[in-house]
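For reference, the structure discussed in these notes is given below.
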Amino acid sequence: MGRIRRTLTEKDAGPVLVLVGGAAGAGKSRLLRRLAELPEATGAVTSWRCGDGDRPPDVDAGRPALVLVDDVHQEADGDALTWVRNLLRHPWPRLAAVVTYRPEELTSPGLPFGTPPLRYGDDLVVLRHRVRPWDAGQVEEAAREVLGEGCTPQAVARLHERSGGVAQVVTDLLAVLRDSAGRRCTPADVDAAGVPVRLAELMSDRAHALPGPARRVVWAAAVLGEPVSAEDLLEVAGAGGAGAYAGTGTATGIGTSTGAGTGTGTGIGTGAGTGIGTGTGAGTGIGTGTGTGYGPGTGTGNGPGTVPGTGNGPSPGFGNGPGPGFGNGPGTGTGNGPGTVPGTGNGPSPGFGNGPGPGTGNGPGTGTPTPPDAHALDRTPLLAALDRAALVEDTEHRYALPVPLAAAAVLETVPGPVRQELHGRAADVLQRRQPVPWAELARHRRAGGRVRAWLRAVEEAARQAAAAGRHQEAITLLEGTLASPLVPRHARARLAPVLAGSAVVGLRSDQTVEVLTQIVQDEELPTAVRGEMRLDLGLLLCNQVGMSTRGWAELERSAGELREERPELAARAMSALAMPYWPGNSLEVHLAWMRDAEAASADSGDEVVETAVAANRAGLALSYGNPEGWELLRALPFDSPDPRCRRHVARGLCNAADSAVWLGFYDRARALLADGLELSARSGAPYTERTALGTRLLLEWATGRWEGLVERCEEFVRETDDMPVISADARTVLGLLHLARGGWGPAASWLSGKDAPLAEHAAAPLGATLAGALIRLSLARQDVAGAAAQARTAWGNVLAKGVFVWAAELAPWAVEALARDGDTAAARRVVDAFAEGLNGLRSPTADASLVWTRAALAESTGDLERAVALYQEARAAFAALPRPYAQALAAEGAGRCGLEPTAAEDAHHDTHHDAPHDTHHDAAGDARRDRALTELAFAAQQFSDLGAAWDAARVRALSRAHQPEKDRRRPGRPSYRDQLSPREREVAELAGNGLTNREIATTLHLSPRTVEQHVARAMRKLGTATRQELGIADAEESSPGSGDTRS
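Under the UniProt record's numbering, the first residue of the sequence shown is numbered 1, with each subsequent residue one higher.
If you want it as structure tokens, here you go:
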């Protein structure tokens, strides 16, 4: 564009021509529109689209001009090009011409303006520009613009792959996805979008314009679906140098067949040679006739004698040539008898008959189809397809359709029998490759109608993918296979365990659940087979799908089915039942299952099962704070050469990291996450990897790494939206963050509303944390009775489960709710049960929380001095972890309790002003107040640093209400002019987060009327129209560089 700008603006600039070439849909017209919008082109643009039938426009010679000519390839005759040619023969200064064309559609290749070649003006600078397909980054930018952040990286990659980066195809697909995809666009949505109409019609037109042999080459490219060599492409198309190619080889038959034989019949062959084969015997025809083939070859005759055939060139085909056809007489042919018969090939080969003798059977075969002589291949059809741009050549000299997505449109036009034949030949080509691409081979075998060969290829592909850790690939392949009614029962029983084995370490798939459910209901399958499938179904339901109740039942039943015949698998089921995370069973039940699992594992002698059980034993111990778990974890076989063992070790590490977060061992949690994520990725365990990523979000919440945490959690929820168990961590953190910031509406949604984890999806520690946050939210809204009811239910769940280290996020708020509701006895029972439940266990977080809980009880019973000391002890304990948010809450409690005696004393002096003045008492009160205000100042700063706006505002308001007279602001309002005052900023931030005026008033100890006035002034100063915009506008005003330095 720089050269065009200079040509239009510089006084002495010479004329320039830019030839813009690009395939259909590449974005040439879009480029012209951008040029027409250049500021330098204002008043100088002349546009003309060739082929529209309009007369060429007039251009004022001698003045600066930007002439834009689109699709010059559509003007095939000389008259229509005269205007453009004359313009470029005699250009004038400051003329910029841009001409677009499709190189593949030029009448004379390489000559955009036809023949004879144009003689450009002497002063004309001629430049060439090629419009290339979009790269992945450009596709992502376009997708984000249309679909927003809901378009996953995987969907963008799929969009780029399927479209080939062709701009128009990308645009058309995005138009479909905008209406069809949900809030989260996935690769499956891209596949479901289909083929855009423009692309389908373009390919249909180009393929239809080709002669028959060239069209078959295009069909072959669509069947193959990937760039291939000329030899492979022509072989699949059946384009031979002297005839159609079928292959040579031998196959062994089984049994004996008798019947009518054939005469000397030929069909698909090479040269003037034979195709389907030669039979012996007196052939008797059905009728007479003469046919037309692709060459002077031989074919199926329809008479009792020899009938001459006619052809169209030097290659034989399906015709009526010399020799009787399929007759009825004794001879050799296709049968089920013992013996070996050469396969169909190039040249004379045995034919198909129904007489006694050897034949092609269903037994083990020998031989592989051999490719034709590369020099004998007729490349004429390929050249024709390239000339019409129905195919393109890549940099490796391979050939394919111009857009990968076009294959689906082309295949719709291929007759079924021909398509099946093409797939069969494609399978023959792929089977010769080393290594064999089993998944693609399976696709072609299935489409070619070879069921048994298809299932063999599927099994080999799935096992190889699973062994390499590509479990999603194995799952996708096996799901599609087992859903077919063509798969017999014995094949389903063989393939289902491969699917199940990948499913339990892969990501969610409801189709796998459906397949496994059908299999375990098949009573004709052996009990042990059903039990193995039920084990994996139970694991899948509990983990990936989040149906823990149903999953638990399947695991229990599986343990019973496997106990006698497959004790090693029974041990695996028992160890899964030993994990305590799901609601409904006590810790004692889980410990009992673990004892059974260890006994069964020891009897099995299976290293993989022993590793699985050992990983779960360590996980169980750590989950409830048993220090023995760390030794059990260290004993796992980290260096096992078996990838299955390594996957269980990775799972053990990631589960241990999750426990370390809940227990409060944050440095250990980071190290375990690093090791677990690395081993999960290396051993191919995507589900385990995702659970670790969720744990990392919890760790960032606990340790105060809140910068950008909302965005990270929201992205994680989008990526794991269909896996509710994994996304529950991020959903919980989002609720906690919004609560701390004062976004009570979003907090309620993430904690208990439409965005919250369901009880069945949230592991027990998450459930307790969610309950604690909801109790706190109810208390903030002055719904004390509701908070107390929630506390009783949540604490009942803790007692039923018996894992008290998970109550750290619940107990303090439960005690406060019960005490404020007047049930001090229940609050005391919570404290006592919490303390007893932690005996002999090790959890720094729970220990600190127990101190906090005791402080809350002391505060609620009026023992304020004890409360201050306990809050300060809790503050120090949380600081040592570190856990900055809980540390600030404890400091706030210490400050709040420290102020209450001072406030009471001040009130006493105010009402008894004639009493003797106690100077010593006043000094002590002042010192206590100073300490309390120091605690509050620390808490306010800590909350502000974290971004906890609601907490910070609440603490500052409490601090202001108890400031000594000498430290208070003097009468008279300072002038902030058009900037927000500190109080207005607090109110604006809380209002922008969604709090009502009454909720803000409660938080800041103001009247609702005062809050209303602050909101009105803040909206006026910030220029916002709604309360929701206040938070955003305030953040922008107070950001670095805004000039506002007030605090």
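A virtual CB, placed ideally from N, CA and C, is assigned to each residue, including glycine.
Remember, it's a predicted structure, so these values are computed and weren't measured experimentally.
**Alpha-carbon spacing of serine 659 relative to leucine 737, whole angstroms** = Against the sequence shown, residue 659 aligns to sequence position 659. Against the sequence shown, residue 737 aligns to sequence position 737. Across the structure, serine 659 and leucine 737 are spaced so that their CA atoms are roughly 21 Å apart.
**Asked** Counting Cβ pairs, one atom from each stretch, are 3 or more of them under 8 Å apart for the stretch 37 to 57 and the stretch 152 to 170?
**Response** The stretch 37 to 57, when compared against the stretch 152 to 170, does not touch it at the 8 Å Cβ threshold.
**Asked** Between which two residues does the alpha helix (DSSP H) carrying histidine 160 extend?
**Response** One-based indexing of the sequence shown puts residue 160 at position 160. Segment 153 to 163, the alpha helix (DSSP H) holding histidine 160.
**Asked** Since alanine 891 and phenylalanine 938 are thought to touch, with beta carbons under 8 Å apart, how far apart are those beta carbons, to the nearest angstrom?
**Response** By 1-based counting over the sequence shown, the position of residue 891 is 891. By 1-based counting over the sequence shown, the position of residue 938 is 938. Between phenylalanine 938 and alanine 891 the Cβ distance is about 5 Å, and since that is below 8 Å, they are a contact.
**Prompt:** Quick one: what does DSSP say residue 1060 is sitting in, helix, strand or coil?
**Reply:** Nothing about residue 1060 can be read from this structure; the chain reaches only from 1 to 1047.
**Item:** heavy atom of the ligand SAH below 6 Å from arginine 34 C-beta
**Value:** Questions concerning the ligand SAH fall outside what the structure shown contains, since it holds no ligand whatsoever.
**Asked** Which two residues bound the contiguous beta strand (DSSP E) that contains histidine 129?
**Response** To locate residue 129, count along the sequence shown from 1; it is residue 129. 125 to 130 is the extent of the beta strand (DSSP E) around histidine 129.
**Assigned secondary structure, valine 803 (DSSP; H/G/I helix, E/B strand, else coil)** = Working through the sequence shown from its first residue, we reach residue 803 at position 803. Note: valine 803 maps to coil in three-state DSSP.
**Prompt:** Under three-state DSSP, which class holds tryptophan 706?
**Reply:** Taking the sequence shown and counting its residues from 1, one reaches residue 706 at position 706. The answer is coil: DSSP assigns tryptophan 706 none of H, G, I, E or B.
**Prompt:** Excluding the five sequence neighbours on either side, which residues of its own chain have a C-beta within less than 7 Å of the C-beta of leucine 88, listed in chain order?
**Reply:** One-based indexing of the sequence shown puts residue 88 at position 88. Cβ within range, chain order: Leu17, Ala97, Leu118, Tyr120, Gly121, Leu124.
**Asked** In the structure shown, what three-state DSSP assignment does tyrosine 120 receive?
**Response** Taking the sequence shown and counting its residues from 1, the one referred to as residue 120 is at position 120. Assigned with DSSP and collapsed to three states, tyrosine 120 falls in coil, not helix or strand.
**Message:** Please classify valine 649 as buried or exposed, where buried requires at least 16 other C-beta atoms within 10 Å of its C-beta.
**Reply:** The residue given as residue 649 occupies position 649 in the sequence shown. Buried.
**Prompt:** Once you ignore the five residues that flank valine 851 on each side, which residues in its own chain have a CB closer than 7 Å to its CB?
**Reply:** Here residue 851 refers to the residue found at position 851 of the sequence shown. Excluding sequence neighbours, valine 851 sits near Leu870, Glu873, Ala874, Ala877.
**Request:** Just the C-alpha distance for leucine 889 and alanine 808, rounded to the nearest angstrom, thanks.
**Result:** In the sequence shown, residue 889 corresponds to position 889, counting from 1. In the sequence shown, residue 808 corresponds to position 808, counting from 1. Those two C-alpha atoms are separated by around 14 Å.
**Asked** So is lysine 801 buried or exposed if we call it buried at 16+ other beta carbons inside 10 Å?
**Response** Sequence index remark: in the sequence shown, residue 801 carries index 801 (1-based). It counts as buried.
**Request:** Go ahead and pull the three-state DSSP assignment for leucine 391.
**Result:** Here residue 391 is taken as the residue at index 391 of the sequence shown, counted from 1. Of the three classes helix, strand and coil, the one that applies to leucine 391 here is coil, per DSSP.
**Asked** Would you report the Cα separation of tryptophan 134 and valine 126, rounded to the nearest angstrom?
**Response** By 1-based counting over the sequence shown, the position of residue 134 is 134. By 1-based counting over the sequence shown, the position of residue 126 is 126. A straight-line Cα-Cα distance of about 25 Å links tryptophan 134 and valine 126.
**Message:** Measuring CB atoms only, is the stretch 532 to 552 touching the stretch 719 to 737, in the sense that at least three cross pairs come out at less than 8 Å?
**Reply:** Yes, the stretch 532 to 552 is in contact with the stretch 719 to 737.
**Request:** Below 6 Å CB to CB, which residues in the same chain sit around histidine 962 once its five sequence neighbours on both sides are set aside?
**Result:** On the sequence shown, residue 962 is found 962 positions in, with the first residue counted as 1. So the qualifying residues of the chain are Leu899.
**Simplified DSSP assignment, three categories, for threonine 100** = Taking the first residue of the sequence shown as position 1, residue 100 is located at position 100. Looking at threonine 100 - three-state DSSP - the assignment turns out to be strand.
**Prompt:** Are alanine 221 and leucine 422 closer than 7 Å when you measure CB to CB?
**Reply:** One-based indexing of the sequence shown puts residue 221 at position 221. One-based indexing of the sequence shown puts residue 422 at position 422. No, the Cβ-Cβ distance between alanine 221 and leucine 422 is not below 7 Å.
**Asked** What residues in its chain sit with their C-beta under 8 Å from that of serine 640, if we drop five residues either side in the sequence?
**Response** The sequence position of residue 640 within the sequence shown is 640, counting from 1. Cβ within range, chain order: Glu607, Thr611, Arg646, Val649.
**Prompt:** Got a sec, what are the start and stop residues for the beta strand (DSSP E) tryptophan 48 sits in?
**Reply:** In the sequence shown, the residue the question calls residue 48 occupies position 48. Tryptophan 48 -> beta strand (DSSP E) spans 45 to 49.
**Prompt:** Considering only residues of the same chain and omitting the five flanking positions on each side of glutamate 564, which have a CB-CB separation below 8 Å?
**Reply:** Numbered from its first residue, the sequence shown carries residue 564 at position 564. Around glutamate 564: no qualifying Cβ.
**Request:** Determine the burial state of valine 20: buried for a count of at least 16 other Cβ atoms within 10 Å of its Cβ, exposed for fewer.
**Result:** Here residue 20 corresponds to residue number 20 of the sequence shown, with the count starting at 1. It is buried - the Cβ of valine 20 has at least 16 other Cβ atoms within 10 Å.
**Message:** For leucine 672 and tryptophan 706, what's the separation of their Cα atoms in angstroms?
**Reply:** Sequence index remark: in the sequence shown, residue 672 carries index 672 (1-based). Sequence index remark: in the sequence shown, residue 706 carries index 706 (1-based). Leucine 672 and tryptophan 706 have their C-alpha atoms some 21 Å from each other.
**Item:** Contacts around alanine 13, its chain only, beta-carbon distance under 8 Å, and the 5 residues preceding and following it disregarded
**Value:** Locating residue 13 in the sequence shown gives position 13, counting from the first residue. Spatial neighbours of alanine 13 in its own chain (CB-CB distance under 8 Å, excluding positions within 5 residues in sequence) are listed in chain order as Arg6, Thr7, Pro93, Arg94.
**Request:** May I ask which residues mark the beginning and end of the beta strand (DSSP E) holding residue 1068?
**Result:** Here the chain comprises residues numbered 1 to 1047, so residue 1068 is not present and cannot be evaluated.
**Prompt:** CA-CA distance, alanine 491 and glutamate 514?
**Reply:** As a working note, residue 491 is residue 491 in the sequence shown. As a working note, residue 514 is residue 514 in the sequence shown. When the Cα atoms are used, alanine 491 and glutamate 514 turn out to be separated by approximately 17 Å.
**Prompt:** Roughly how many angstroms separate the alpha carbons of alanine 576 and valine 831, rounded to a whole number?
**Reply:** Residue numbering aside, residue 576 sits at position 576 when the sequence shown is read from its first letter. Residue numbering aside, residue 831 sits at position 831 when the sequence shown is read from its first letter. Each residue's alpha carbon lies about 32 Å from the other.
**Asked** Under the three-state reduction of DSSP, which class applies to aspartate 832: helix, strand or coil?
**Response** In the sequence shown, the residue the question calls residue 832 occupies position 832. Aspartate 832 falls in the helix class under three-state DSSP.
**Request:** Using DSSP bridges, identify the partner residues of glycine 21.
**Result:** Here residue 21 refers to the residue found at position 21 when the sequence shown is read from its first residue. The bridge partners DSSP lists for glycine 21 are Tyr101, Arg130.
**Request:** Could you tell me whether the Cβ atoms of serine 623 and proline 583 are closer together than 7 Å?
**Result:** To locate residue 623, count along the sequence shown from 1; it is residue 623. To locate residue 583, count along the sequence shown from 1; it is residue 583. Contact: no.
**Request:** List the residues that DSSP assigns as beta-bridge partners of aspartate 70.
**Result:** Along the sequence shown, read from residue 1 onward, the residue named residue 70 stands at position 70. Arg49, per the DSSP bridge assignment.
**Message:** Measuring alpha carbon to alpha carbon, tell me which residue in Leu569, Arg566, Arg534 is nearest alanine 553.
**Reply:** For the purposes of this step, residue 553 is taken as the residue at position 553 of the sequence shown. The option with the nearest alpha carbon to alanine 553 is Arg534.
**Alpha-carbon spacing of threonine 380 relative to threonine 481, whole angstroms** = As a position in the sequence shown, residue 380 is number 380, starting the count at 1. As a position in the sequence shown, residue 481 is number 481, starting the count at 1. Separation of threonine 380 and threonine 481 (C-alpha to C-alpha, rounded to the nearest whole angstrom) is 38 Å.
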